[in-house]
Every structure is written in C-alpha cells, then in structure tokens.
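Only one structure is covered here, and it is reproduced in the block below.
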Amino acid sequence: MNLMYKFPDLAFCLGEYRLQDARDGLLQHLKRFYQKNKHSKILVFFDGKKDITSDCYSEDWGDFSIHYSHEKKADELIIGYLNLCPIPSQCLVVSSDKEIISFARRLRAKRMSSEEFYTEWLKKEAEEDESEFNHLKEGLTPSSETDYWERQFLP
Numbered sequence: 697m698n699l700m701y702k703f704p705d706l707a708f709c710l711g712e713y714r715l716q717d718a719r720d721g722l723l724q725h726l727k728r729f730y731q732k733n734k735h736s737k738i739l740v741f742f743d744g745k746k747d748i749t750s751d752c753y754s755e756d757w758g759d760f761s762i763h764y765s766h767e768k769k770a771d772e773l774i775i776g777y778l779n780l781c782p783i784p785s786q787c788l789v790v791s792s793d794k795e796i797i798s799f800a801r802r803l804r805a806k807r808m809s810s811e812e813f814y815t816e817w818l819k820k821e822a823e824e825d826e827s828e829f830n831h832l833k834e835g836l837t838p839s840s841e842t843d844y845w846e847r848q849f850l851p
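The sequence shown begins at 697 in the numbering used here and counts up by one.
Structure representation (structure tokens):
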C-alpha cells in the first residue's frame with residue numbers, strides 16, 4: 697500500500713475506493729519499470745483478498761507472482777518469504793514499513809523505500825520519454841541540401 701500511495705494516479709484511485717484499479721495500475725507501472733529485467737523474479741504482496749469473494753492466495757501475472765494476504769498483513773507474507781528465501785542478499789525489498797526494512801537489513805537483503813523507488817521510477821520514465829522523443833526527432837531532422845534537391849529532381 698505504501699508504494700501505491702507514492703504514485704499520484706494510484707493514490708487518486710485509492711482515495712476513491714477503487715482498490716482493484718490501484719492494484720492494476722501498480723502492476724502496470726512495475727511491468728514498465730522491469731520490462732528489460734527479464735532475469736528477475738518479481739513478487740508483489742497485497743493486503744487482503746483479490747476481491748471480496750475470492751479464495752485466491754497467489755497467482756501469476758505475466759512474469760510477476762502476486763500474493764494476497766487475506767486475513768493477515770502483507771508484511772507478514774513478506775517476512776515469511778524472506779525467511780524462506782535461500783539467498784536473501786539477492787532480494788530487493790521495496791517498502792517504507794520500518795519493520796520490513798529492519799528485517800530485510802538483518803538478513804542482508806537489499807532495501808529501497810517506496811519514496812526511493814518512486815524517484816527511480818520517475819527518472820526511468822523521463823529517460824524513456826527522452827529516448828522516445830529523440831528517436832522521433834531523428835526521423836524529422838532535416839537532411840542535407842543535396843538530399844533535398846535529389847529528392848526534388850530524381851525519380
């Protein structure tokens with residue numbers, strides 16, 4: 697939840713009690729962020745159930761593994777996963793929850809606050825937008841005068 701509140705569009709959904717839209721939006725943001733990082737396994741932990749009537753505890757969503765806490769807190773699932781992880785130092789935990797960050801630190805897992813992740817996400821989005829703009833701009837760059845006249849008179 698603390699990560700979803702960092703994204704203004706998702707915070708808006710949460711403010712309007714549109715939890716599923718916020719969850720879907722977070723997954724889309726994460727998918728875009730990690731699209732070139734195919735060798736990593738991404739686990740996402742959500743508080744509560746998938747929906748009111750669902751008994752689903754885990755599901756795959758593309759390359760992501762989604763987990764729902766049901767009556768527990770998602771924090772408990774994260775701690776449980778880290779406890780079972782054979783090499784916690786290969787994990788990156790994204791959370792602003794102090795208990796989770798402290799637990800991850802004790803296991804020597806990499807840690808990033810939700811605020812830090814959002815800052816990285818913004819930076820990557822800006823780089824991709826600039827790259828896309830430059831790519832488009834390359835197609836619009838004026839050619840040399842010779843190229844212009846050749847196009848005018850040669851078939």
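Where a beta carbon is used, it is the ideal one built from N, C-alpha and C, also for glycine.
Same chain, Cβ closer than 7 Å to residue i, five either side skipped, listed in chain order
| i | result |
| --- | --- |
| residue 702 | 810, 811 and 814 |
| residue 730 | 736 and 738 |
With 16 other Cβ atoms within 10 Å as the buried cut-off, status of residue i
| i | result |
| --- | --- |
| residue 764 | buried |
| residue 719 | buried |
| residue 799 | buried |
| residue 791 | buried |
| residue 822 | exposed |
| residue 707 | exposed |
| residue 748 | exposed |
Spatial neighbours of residue i in its chain, beta-carbon cut-off 6 Å, leaving aside the 5 residues before and after
| i | result |
| --- | --- |
| residue 761 | 739 |
Delimiting residues of the alpha helix (DSSP H) encompassing residue i
| i | result |
| --- | --- |
| residue 802 | 794-802 |
| residue 728 | 715-729 |
| residue 788 | Element bounds for residue 788: not the alpha helix (DSSP H) but the beta strand (DSSP E), 788-790. |
| residue 705 | 704-711 |
| residue 772 | 770-780 |
Which residues DSSP lists as bridging residue i, in chain order
| i | result |
| --- | --- |
| residue 760 | 738 and 757 |
| residue 806 | 788 |
Contacting residues, own chain, Cβ-Cβ under 8 Å from residue i (five flanking each side not counted)
| i | result |
| --- | --- |
| residue 756 | 762 |
Check whether the region 740-751 touches the region 764-776, counting contact only when three or more Cβ pairs, one atom from each stretch, lie closer than 8 Å.
yes
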